[in-house]
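Asks: Numbering (our numbering), first residue to last: -6 to 288. Heads up, the beta-carbon is just placed ideally off N, CA and C, and yes, glycines get one too. In this text, all values refer to a predicted model and were calculated from it rather than measured experimentally.
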Amino acid sequence: MYLARTRRKKGGTKMSVSEDGFVGRSEVEVRIAATIDDYATAFRIAYDVYHPKGFTAFSPYGMRATVYQLHPSALILLAYHKGNPIATLSLYEENGGKLPSASGWPGELADFQRRGIKAFELGTLMSLPDAQEAGGSRVCLEMFRVAWRYARCLRNADALCAFVQAHHEAFYTKIFRFRRFGEPRNYEWNGLQIAGVAPLIMDLNGAEEEFRQRYNRYEESARNLYRFFVIDRQKEIADMLIADLRKRDQLDWNQLQALAAPLLQSETDESDTADEEETVENVLTMEQPVYANAL
């Protein structure tokens, strides 16, 4: 998962908290994209973030999508601040041993499959300038919490994978307790070289205990990320996930295909397309996942 923003302050990613700390109530609301309008909103945010950076070509539609986002098992998250969409994050479920970034580390990811490790990939967290008003790190934490609980509690995932640049790696390893599972490599986006992308993994089977040991010793709420990620708002987030997934069950996938088809024709983003030859039609005819009742 990259952290992509339309603006980035010097000095790297810095943690920031609200007055009531991470575990307190925030004005950031995270929901699952469940309608055509939701998907269009996510595609617009992606374009608004990527196009100025030169990571995606000009589109008269003002949207950017990838074929992986159209898979019924993919989860598209949207973050809202005071009712306005400010960020999007995609979560990809392993499909036949293939993840969007599988071409970069085929041996390592194939080894996960052989060992029966069910892995999910975190896509790029793309946030608009308005996300800074909500607290850029808070947006990241809120979206990661929902992704974690969905992958672990509804899909029984064993691991989360993230592929990040060097200047973001410490954020994931120190805060989220990710670890490298392979050597960094370079990517190319539309002729632009992106150097030093590191493959990271978070063991979901041991994450709760690791977070408990690492963070639960802090009494002050702003540092107790164990409570934030594992304990707080369990039922509220579970109810939201289930309600949004049921709403998404009514989605017209043919209509989504019609929305995305012209966006995919010129999209050559290696980070998402890898070496896959999937077509929109192939993706939309795949079986949708059955959700657990665990949350």
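At the level of alpha carbons, what is the spacing between L121 and A251?
Replies: Answer to the nearest angstrom: the Cα atoms are 26 Å apart.
Asks: According to the neighbour-count rule (16 or more other Cβ atoms, all chains shown, within 10 Å of its Cβ), is K91 buried or exposed?
Replies: With 16 or more Cβ atoms within 10 Å of its Cβ, K91 is classed as buried.
Asks: Which of the three DSSP states is assigned to L115 in this structure?
Replies: The answer is strand: DSSP assigns L115 an E or B state.
Asks: Identify, in the order they occur along the chain, each residue of the same chain with its Cβ nearer than 7 Å to the Cβ of R145, setting aside the five sequence neighbours on each side.
Replies: Around R145: L197.
Asks: In whole angstroms, give me the CA-to-CA distance for Q258 and A50.
Replies: Rounded to whole angstroms, Q258 to A50 spans 11 Å at the Cα level.
Asks: Please report the distance separating the alpha-carbon of M195 from that of A35.
Replies: The alpha-carbon atoms of M195 and A35 are separated by roughly 25 Å.
Asks: Out of R131, Y180, H161, point me to the one whose CA is closest to A215's CA.
Replies: That would be R131, whose Cα lies nearest to the Cα of A215.
Asks: Apart from the five residues on each side of it in sequence, which residues of its chain come closer than 6 Å, Cβ to Cβ, to K240?
Replies: Cβ neighbours of K240 beyond the five flanking positions: A27.
Asks: Just list the residues that DSSP pairs I194 with in beta bridges.
Replies: Answer is C154, R172.
Asks: Let's test the definition: count the other Cβ atoms within 10 Å of the Cβ of R57 and tell me whether it reaches 16, buried, or not, exposed.
Replies: Buried, since its Cβ has 16 or more Cβ neighbours within 10 Å.
Asks: Let me know the secondary structure DSSP gives K228 once reduced to three states.
Replies: Residue state, collapsed to three classes: helix.
Asks: Tell whether a beta-carbon distance below 8 Å holds between V95 and L102.
Replies: According to the sequence as given, residue 95 is Ala; it is not Val. Yes; because the gap between Cβ atoms is below 8 Å, this pair is in contact.
Asks: I need the DSSP call for G189, collapsed to helix, strand or coil.
Replies: If DSSP states are grouped into helix, strand and coil, G189 belongs with the strands.
Asks: Between T261 and F48, what straight-line distance do the alpha-carbon atoms span, to the nearest angstrom?
Replies: Its pLDDT being 46, under 50, T261 is placed unreliably in this model, and the value from its coordinates should be taken loosely. Distance between the alpha carbons of T261 and F48: 9 Å.
Asks: So, are the CB atoms of L71 and R24 less than 8 Å apart?
Replies: Their beta carbons are under 8 Å apart, which means L71 touches R24 by this criterion.
Asks: Using the rule of at least 16 other Cβ atoms within 10 Å of the residue's Cβ for burial, across every protein chain shown, is Q62 buried or exposed?
Replies: Q62 comes out buried.
Asks: Near E86, what residues of its chain come up, given a Cβ to Cβ distance below 6 Å and the 5 sequence neighbours on each side ignored?
Replies: S66, F113.
Asks: Could you tell me the boundaries of the alpha helix (DSSP H) in which A95 lies?
Replies: Premise fails: A95 is in no alpha helix (DSSP H) and is neither H nor E.
Asks: Exposed or buried, E229, counting other C-beta atoms within 10 Å across all chains shown (16 or more means buried)?
Replies: E229 comes out exposed.
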